[in-house]
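Engineer: Dropping a structure here in structure tokens format, bear with me for questions.
Chains as they are written, first to last, in the numbering used here: chain E, 1 to 459; chain V, 1 to 223.
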């Protein structure tokens, strides 16, 4: 989860940098305030010391005390603040008094140049405010060297810094924990989306991503993803169905080829092995010829179907509906007469844009079906109008349970197929109609007959 | 002779092919093109064998067998004849008690042999094969000509058995070779000719065993 880690680290480090910068600024400001206050105090304290030294020296001098300056200094030294040291130097540069110790003596060498000034002196023992003042007594000029420890300010700063760092670390930990939980929750839909994608990749096309917050980016992505999965699933289902239909078609075709092949192979073998009498010999040869023709017809229809399945657009030409109807009917006049069925061609003047050969094949297939279904004395009507082509019979009709399937290749109403043909005719008609942008409607009732109408819907 | 075999097959051409094939070996047959009719016929009449197509109008072959069993009809042995390749279907047919199963397209010679096989198994009293005064007993491996034993080599015995089973049907030299010597015999088909010559001499069947041009031999004998 790289993005997760990146966001987590980036946010945490930003928070850390801002927090650190902010506290550094605040701490520094507090430190500087503290320091200047402390320095101010140093100035005041040294001023007070200078004043007490001045008055002390003057007072001791008035008592004619020879050691006025050291005595005054000793007295004043008793009232010094802790951490303060001073030295007193007379006009000749002789050190009159000092209470510096070993640790602090170094400050004396680093006093500011001029009186009334101060500077910060950093020694291994601590940081000091070093200050020079003139003490101008009646007995002569003295110089006060004053040093005030500033350790408290620095210590305070260190303590505050430590506190701030600790607080910052704690804040970052808390922030990290909150971020972790928050990000984890935000990334959960993404993880689930990934899981759904994985499921689909492994072949489970019904997998969907849960949409937890449809209004955010991940939620919208999940919605889109699910749309895509839906489309893919439908597509795969369609392909699977097509594949199965194809397999069924091939299996049916293999089965359908076997009936005529059985006769051809069987009779040929019988003729070869056995001396049949004249009559049976003739029947055997006749069967071979007829079944051979049946195979040939089936081959033609399959060829047509295969070519039409290929999706080649037919050559649409203007043709006369009446002429086409006559030609279609002509091929079946003899058969109709033999069966005692009257065949009527009823054409109104019309011109169709169609592939003449295909339309002829369509009409003849419908006619052939109508004749097969008809009994002697019944009528088969072939109708042509500008908008449609229609074949109607008064025959046995199609049982309603078979009606939805009759357009499937190799489907025949009767489970045994030998009397009805291979069941390719209507499949072929349907393909031809579709290629012309036409619709084929079958209207049938058992015992009342069947009407198949091909309606031209295109321009 | 009353019909002894019922052919239930809806395709006219195939039904007639089966009929012609069985008549060659001397059987009388009846054709029925509908499942329901076949069922009615079997309830009324007795046959020695039923050749049954699976895809029948009215009632399919499987349904027919189930109906016969349910109705308690003593049905004849069944030889299934079908274009269905499915192993499931074959198993179903045999489970229902079919004796044998043949796929379309089939060769009439094979149909003849299988039909004869079933008939022989079911006519126990008539276990031997007979023709023109010759009798072959497959169990004792004895051959009698007009009641007198004839000495035959194992190959000649198998040749005779094939010819008797497929009487009036020509058999190729390869078929005879396979039957008498087995599939892996490497010798040529001339061997068959030699053994057929000897068989003709031993049985006095110079006329009965006909040489069929370009094919092989045929035993011509009435049943």
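The beta carbon of each residue, even a glycine, is placed where N, CA and C say it ideally should be. Being a predicted model, the structure only gives us computed values, none of them experimental.
1) Closest Cβ-Cβ distance between residue 41/V and chain E: below 8 Å?
2) Rounding to the nearest angstrom, what Cα-Cα distance links residue 193/V and residue 89/V in this structure?
3) Between 358/E, 380/E and 318/E, which has its C-alpha nearest residue 341/E's C-alpha?
4) Please return the same chain residues whose Cβ sits closer than 8 Å to the Cβ of residue 100/E, not counting the five positions on each side in sequence.
5) With 8 Å as the limit, tell me which residues of the region 192 to 205 of chain E have their beta carbon closer than that to any beta carbon of chain V; keep them in chain order.
6) Quick check: is the beta carbon of residue 129/V nearer than 8 Å to any beta carbon in chain E?
7) Would you report the Cα separation of residue 262/E and residue 105/V, rounded to the nearest angstrom?
8) So residue 119/V and residue 42/V are in contact, right, with Cβ under 8 Å, and what is the actual spacing, rounded?
9) Classify residue 228/E as buried or exposed, calling it buried when 16 or more other Cβ atoms lie within 10 Å of its own Cβ.
10) In terms of alpha-carbon separation, which member of 265/E, 305/E and 274/E lies closest to residue 291/E?
11) Check whether the Cβ atoms of residue 79/V and residue 51/V sit closer than 8 Å, and answer yes or no.
12) Relative to chain V, which residues along the region 261 to 272 of chain E have a C-beta separation below 7 Å, given in chain order?
13) In whole angstroms, give me the CA-to-CA distance for residue 46/V and residue 71/V.
14) So residue 87/V contacts chain E; which residues on that side make the cut at Cβ distance below 7 Å?
15) Which same chain residues, not among the five before or five after residue 108/V, have their C-beta less than 6 Å away from its C-beta?
16) For residue 125/V, which residues of its own chain have a beta-carbon under 8 Å away from its beta-carbon, when the five flanking residues on both sides are left out?
17) For my contact list, residue 371/E and residue 336/E are in at a C-beta cut-off of 8 Å; report their separation, rounded to the angstrom.
18) Bridge partners for residue 18/E per DSSP, in chain order?
19) Using only alpha-carbon positions, find the residue among 73/V, 75/V, 160/V and 83/V that is nearest to residue 9/V.
20) Does chain E have any CB closer than 8 Å to the CB of residue 106/V?
21) Could you check how far apart the C-beta atoms of residue 350/E and residue 326/E are, in whole angstroms? I think they sit under 8 Å.
22) Indicate whether the contact test is met: 3 or more Cβ pairs, each with one atom in the region 158 to 165 of chain E and one in the region 24 to 33 of chain E, closer than 8 Å.
23) From residue 219/E to residue 209/E, what distance separates their C-alpha atoms?
24) For residue 417/E, which residues of its own chain have a beta-carbon under 6 Å away from its beta-carbon, when the five flanking residues on both sides are left out?
25) In three-state DSSP terms, what is residue 117/E?
26) Mind checking if residue 192/V is an interface residue toward chain E, Cβ cutoff 8 Å exclusive?
27) Using C-beta distances below 7 Å, list every residue in its chain close to residue 318/E, excluding the 5 sequence neighbours before and after it, in chain order.
28) Could you give the residue range of the beta strand (DSSP E) that holds residue 87/E?
29) Check whether the Cβ atoms of residue 30/V and residue 6/V lie closer than 8 Å to each other.
30) Taking only beta-carbon atoms, is residue 65/V less than 8 Å away from chain E?
31) Please classify residue 155/V: is it buried, with 16 or more other beta-carbons within 10 angstroms of its beta-carbon, or exposed?
32) When we look at the beta-carbon of residue 79/E and count the other beta-carbons within 10 Å, is it buried (16 or more) or exposed?
33) Which runs of the beta strand (DSSP E) fall wholly inside the region 17 to 91 of chain V and span at least 3 residues, in chain order?
34) Assuming the contact rule is C-beta atoms closer than 8 Å, residue 438/E and residue 456/E should be a hit. Round their C-beta distance to whole Å, please.
35) Taking Cβ-Cβ distances shorter than 8 Å, what residues in chain V pair up with residue 287/E?
36) What does residue 170/V touch in chain E if you count any residue whose Cβ is under 8 Å from its own?
Structural biologist: On the basis of the data shown:
1) For the purposes of this step, residue 41/V is taken as the residue at position 41 of the second chain. Not an interface residue.
2) As a first step, residue 193/V is located in the second chain; it is residue number 193 there, counting from the start. As a first step, residue 89/V is located in the second chain; it is residue number 89 there, counting from the start. If I take the Cα positions, the gap works out to 42 Å.
3) By 1-based counting over the first chain, the position of residue 341/E is 341. Among 358/E, 380/E and 318/E, the Cα nearest to that of residue 341/E belongs to 380/E.
4) Within the first chain, numbered from 1, the residue matching residue 100/E stands at position 100. Same-chain partners within the cutoff: 85, 87, 107, 108 and 147.
5) Hits within the stretch: zero.
6) As a position in the second chain, residue 129/V is number 129, starting the count at 1. It does not: the Cβ of residue 129/V has no partner Cβ on chain E nearer than 8 Å.
7) Locating residue 262/E in the first chain gives position 262, where the first residue counts as 1. Locating residue 105/V in the second chain gives position 105, where the first residue counts as 1. Rounded to the nearest angstrom, the gap between the Cα atoms of residue 262/E and residue 105/V is 4 Å.
8) Residue numbering aside, residue 119/V sits at position 119 when the second chain is read from its first letter. Residue numbering aside, residue 42/V sits at position 42 when the second chain is read from its first letter. The Cβ separation is near 17 Å, so there is no contact.
9) Here residue 228/E refers to the residue found at position 228 of the first chain. Classification of residue 228/E: exposed, given that the 10 Å Cβ count is below 16.
10) Against the first chain, residue 291/E aligns to sequence position 291. Nearest C-alpha to residue 291/E: 265/E.
11) Position 79 of the second chain, counted from the first residue, corresponds to residue 79/V. Position 51 of the second chain, counted from the first residue, corresponds to residue 51/V. Between residue 79/V and residue 51/V, the CB-CB gap stays under 8 Å.
12) 261, 262, 263, 265, 266, 267, 269, 270 and 272
13) The residue given as residue 46/V occupies position 46 in the second chain. The residue given as residue 71/V occupies position 71 in the second chain. Between residue 46/V and residue 71/V, the C-alpha separation is close to 15 Å.
14) Residue 87/V sits at position 87 when you count from the first residue of the second chain. Neighbours of residue 87/V on chain E: none; closest Cβ ~14 Å, over 7 Å.
15) Working through the second chain from its first residue, we reach residue 108/V at position 108. Contacts found: 21.
16) Within the second chain, residue 125/V is the residue found at index 125, counting from 1. The pLDDT assigned to residue 125/V is 46, lower than 50, so where the model puts this residue is not dependable; a value taken from the coordinates is nonetheless given after this. If we look at residue 125/V and ignore the five residues flanking it on each side, it has no Cβ neighbours.
17) Position 371 of the first chain, counting from 1, holds the residue named residue 371/E. Position 336 of the first chain, counting from 1, holds the residue named residue 336/E. Yes, they are in contact, since the Cβ atoms of residue 371/E and residue 336/E sit about 6 Å apart, within 8 Å.
18) Residue 18/E sits at position 18 when you count from the first residue of the first chain. DSSP output for residue 18/E lists no bridge partner at all.
19) Here residue 9/V corresponds to residue number 9 of the second chain, with the count starting at 1. It is 83/V.
20) If you number the second chain from 1, residue 106/V lands on position 106. Cβ-Cβ to chain E under 8 Å: yes for residue 106/V.
21) Mapped onto the first chain, residue 350/E falls at position 350. Mapped onto the first chain, residue 326/E falls at position 326. Not a contact, Cβ separation roughly 13 Å.
22) Result yes; three or more Cβ-Cβ pairs closer than 8 Å.
23) To locate residue 219/E, count along the first chain from 1; it is residue 219. To locate residue 209/E, count along the first chain from 1; it is residue 209. Their Cα atoms are separated by approximately 9 Å.
24) Against the first chain, residue 417/E aligns to sequence position 417. For residue 417/E, the predicted model reports a pLDDT of 42, less than 50, meaning its position is unreliable and no value from the coordinates is stated.
25) For the purposes of this step, residue 117/E is identified with residue 117 of the first chain, where counting begins at 1. Here residue 117/E sits in coil by DSSP.
26) Here residue 192/V refers to the residue found at position 192 when the second chain is read from its first residue. No - not a single Cβ of chain E is within 8 Å of the one on residue 192/V.
27) Locating residue 318/E in the first chain gives position 318, where the first residue counts as 1. Answer for residue 318/E: 351 and 353, listed in chain order.
28) Walking along the first chain from the start, residue 87/E turns up at place 87. Segment 84 to 90, the beta strand (DSSP E) holding residue 87/E.
29) The residue you call residue 30/V lines up with position 30 of the second chain. The residue you call residue 6/V lines up with position 6 of the second chain. Cβ atoms of residue 30/V and residue 6/V: closer than 8 Å.
30) Within the second chain, the letter at position 65 stands for residue 65/V. For residue 65/V, no Cβ of chain E is located within less than 8 Å of the residue's own Cβ.
31) The residue labelled residue 155/V in the question sits at position 155 within the second chain. Flag for residue 155/V reads buried.
32) Indexing the first chain from 1 puts residue 79/E at position 79. Flag for residue 79/E reads exposed.
33) 29 to 32, 49 to 53 and 78 to 82
34) Looking up residue 438/E in the first chain gives position 438. Looking up residue 456/E in the first chain gives position 456. The Cβ separation is near 5 Å, so the contact holds.
35) Numbered from 1 along the first chain, position 287 holds the residue referred to as residue 287/E. By Cβ distance, chain V contributes 13, 16 and 17.
36) One-based indexing of the second chain puts residue 170/V at position 170. Those within 8 Å of residue 170/V in chain E are 272, 273 and 274.
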